[in-house]
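Just so we're aligned, residue 984 is where the sequence shown starts under this note's numbering, counting upward by one. Glycine included, every Cβ here is placed at the ideal spot set by N, Cα and C. Here is the structure we will look at, set down as structure tokens.
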Amino acid sequence: MKEFIKIIEDEISAFETEPISLEFKNLATIKYVLVKLSNICSRDDRFFLFKENIALRRKIYNKHLFLNKKRIFVSCKSYCLLVQKILKELGVETTLFSAGQDEFKHFALLYIYENKKYYIDPLHDLVNFKIGAKTQYFCSEYTKIADLTVLDGEKQQILDRLIKYDDCYNKFLENFDAQQGIGEIDKSIKSIMFNSSLISVADSIIFLNKLIDDISFQNKEKIKISFCRTLKNIQLQDKIKIMKGTNGVCIQYMDEIIYYFPLQKIFIKRSFAIKDIYIKPKYKLSLYKYLRDNNVNRQILDNIFFQKLFIQLEKKFNLNDKDISIIDGEVCVKKLNLKFFIYKRKYLCVMENNGDFYYKITLNGKFVKKYVKVKHFTKRALKELSK
């Protein structure tokens, strides 16, 4: 930490040669620290991708980080605390802020100078800093805070010139030729990724979605980006061996699959048999935000089995928030007389309130894989319920 602080102090001393106010100097210091940290900090995949393991997520979320490693893996809260600690050493005071109520609510920072408030979101801008893109959450608007001061585009450019922040991503977009199709996209991914510090799957997914959104590629609606892992060892012709269980990003374009494995810094453009990979399913619940904001137990809310079943119930019975009651973190579907709860911190249970059936599923952190049948709740009943 002391060595990092000393390097930053020496580099920001150059700011003092410019005729700028203390307010602007402090903003430059904050942004410069975020640029430097983006080279060594990445989203922690265990927190952002394996949401079923609540105990591990809680540990990562509340962890106090230290600059004693070449790679640091972060959550929003741990990253904000690290940034705040470094800035304090540099003489810049910030305030930890969250508008959420959830156990894993999102945190950001506020920099307050006299009567001005600046909103700064280190995690949401992490990928932007990594790839050299314009920041979207630095001194930006935020609907849940009134009277924020926002830096307009011209002032952001002055700030970037001061800290020598090169907007190389947008220069790349200007020269991008979308007419060359998926092959050009493959080359574009390589050109940026090999020159950045995107080593986590979560950061890679955010980058790839940003790239597809930003380019004027006519068939981009046919591109699907997912978190995945290999199901068996794969030996490719170019002598690259991919081990079983390797986490990665699956980019599906029509019938073609492009793989990126961040731990190995390898890009592979191949068509894989679907049996060779596992694409983690996504279930977008209509009531997810309502359940989260009303403090449903995260072992229930982030459980794949719960999401898979609940999304079917939403569609079949047209559920809304009036059909749901939440008591001590448990979910009661009044319309169907169903209750979801955690038993002995080991099982996700679903039962009918009159006790006609009862089903429990072991929680194993990464995936729900073992089903235990008790009383009268059978697999057939579950199948019928989820149709």
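Does DSSP put residue 1040 in a helix, in a strand, or in coil?
In the sequence shown, the residue the question calls residue 1040 occupies position 57. Three-state DSSP puts residue 1040 in a helix.
How about the stretch 1009-1024 and the stretch 1139-1147: do they share at least three Cβ pairs that are nearer than 8 Å?
yes
How would you label residue 1002, buried or exposed, when you count the other beta carbons within 10 angstroms and need 16 or more for buried?
Start at 1 with the first residue of the sequence shown, and residue 1002 comes out as number 19. Counting Cβ neighbours within 10 Å, residue 1002 comes out exposed, since fewer than 16 surround it.
Within its chain, find whatever has a CB closer than 6 Å to the CB of residue 1368; leave out the 5 residues flanking it on each side and keep chain order.
In the sequence shown, residue 1368 corresponds to position 385, counting from 1. Interpretation of residue 1368 is limited by its pLDDT of 47, a score under 50 that renders its predicted location unreliable; the figure taken from the coordinates is listed afterwards. Cβ neighbours of residue 1368 beyond the five flanking positions: none.
Which word fits residue 1135, buried or exposed, when buried means at least 16 other C-beta atoms lie within 10 angstroms of its C-beta?
Looking up residue 1135 in the sequence shown gives position 152. Exposed is the call here.
Please state the DSSP three-state secondary structure of residue 1235.
The count along the sequence shown starts at 1 and reaches residue 1235 at position 252. Looking at residue 1235 - three-state DSSP - the assignment turns out to be strand.
Per DSSP, residue 1063 forms a beta bridge with which residues?
Translated into positions along the sequence shown, residue 1063 becomes position 80. The partner list for residue 1063 (beta bridge, DSSP) is empty, contrary to what the question assumes.
Can you have a look at residue 1133 and say buried or exposed, based on whether 16 or more other CB atoms are within 10 angstroms of its CB?
Here residue 1133 refers to the residue found at position 150 of the sequence shown. That one is exposed.
If contacts are defined as beta-carbon pairs under 8 Å, then residue 1315 and residue 1325 qualify, I think. What distance do you get, rounded to the angstrom?
Along the sequence shown, one-based indexing puts residue 1315 at 332. Along the sequence shown, one-based indexing puts residue 1325 at 342. Not really, about 14 Å apart at Cβ, beyond 8 Å.
If you follow the beta strand (DSSP E) that residue 1148 is in, where does it begin and where does it stop?
Here residue 1148 refers to the residue found at position 165 of the sequence shown. Note, residue 1148: premise wrong, no beta strand (DSSP E); not H, not E.
Is the stretch 1012-1029 in contact with the stretch 1056-1076, if contact means three or more CB pairs nearer than 8 Å?
yes
Identify which residue in 1335, 1334 and 1330 has its Cα closest to the Cα of residue 1037.
As a first step, residue 1037 must be located in the sequence shown, where it is residue number 54. Taking only the C-alpha atoms, the option nearest residue 1037 is 1330.
Tell me the DSSP secondary structure of residue 1365 in three-state form.
To locate residue 1365, count along the sequence shown from 1; it is residue 382. Confidence at residue 1365 is low in this model, with a pLDDT of 49, below 50, so its placement is unreliable and no value can be given for it.
Would you identify the three-state DSSP class for residue 1328, choosing helix, strand or coil?
Working through the sequence shown from its first residue, we reach residue 1328 at position 345. Three-state result, residue 1328: coil.
Cutting at 6 Å between CB atoms, please list the residues of its own chain near residue 1206, excluding the five before and the five after it.
Counting from 1 along the sequence shown, the entry for residue 1206 is found at position 223. So the list reads 1195 and 1236, once near-sequence residues are dropped.
Determine the closest residue to residue 1125 out of 1140, 1093 and 1150, with distance taken between C-alpha atoms.
The residue you call residue 1125 lines up with position 142 of the sequence shown. It is 1093 whose Cα lies nearest to the Cα of residue 1125.
Terminal residues of the alpha helix (DSSP H) in which residue 997 lies:
Here residue 997 corresponds to residue number 14 of the sequence shown, with the count starting at 1. Segment: none, residue 997 is in no alpha helix (DSSP H) and carries neither H nor E.
According to the neighbour-count rule (16 or more other Cβ atoms, all chains shown, within 10 Å of its Cβ), is residue 1084 buried or exposed?
In the sequence shown, the residue the question calls residue 1084 occupies position 101. Answer is exposed; the Cβ neighbour count stays below 16.
What are the boundary residues of the beta strand (DSSP E) that residue 1078 is part of?
Numbered from 1 along the sequence shown, position 95 holds the residue referred to as residue 1078. Unbroken beta strand (DSSP E) run through residue 1078: 1078-1080.
For residue 1291 and residue 1076, what's the separation of their Cα atoms in angstroms?
Mapped onto the sequence shown, residue 1291 falls at position 308. Mapped onto the sequence shown, residue 1076 falls at position 93. Roughly 45 Å separates the two Cα atoms.
Distance, Cα to Cα, residue 1106 vs residue 1020?
Translated into positions along the sequence shown, residue 1106 becomes position 123. Translated into positions along the sequence shown, residue 1020 becomes position 37. Their backbone Cα atoms lie some 11 Å apart in a straight line.
Consult DSSP for residue 984 and reduce its assignment to one of helix, strand or coil.
For the purposes of this step, residue 984 is taken as the residue at position 1 of the sequence shown. Three-state DSSP puts residue 984 in coil, outside helix and strand.
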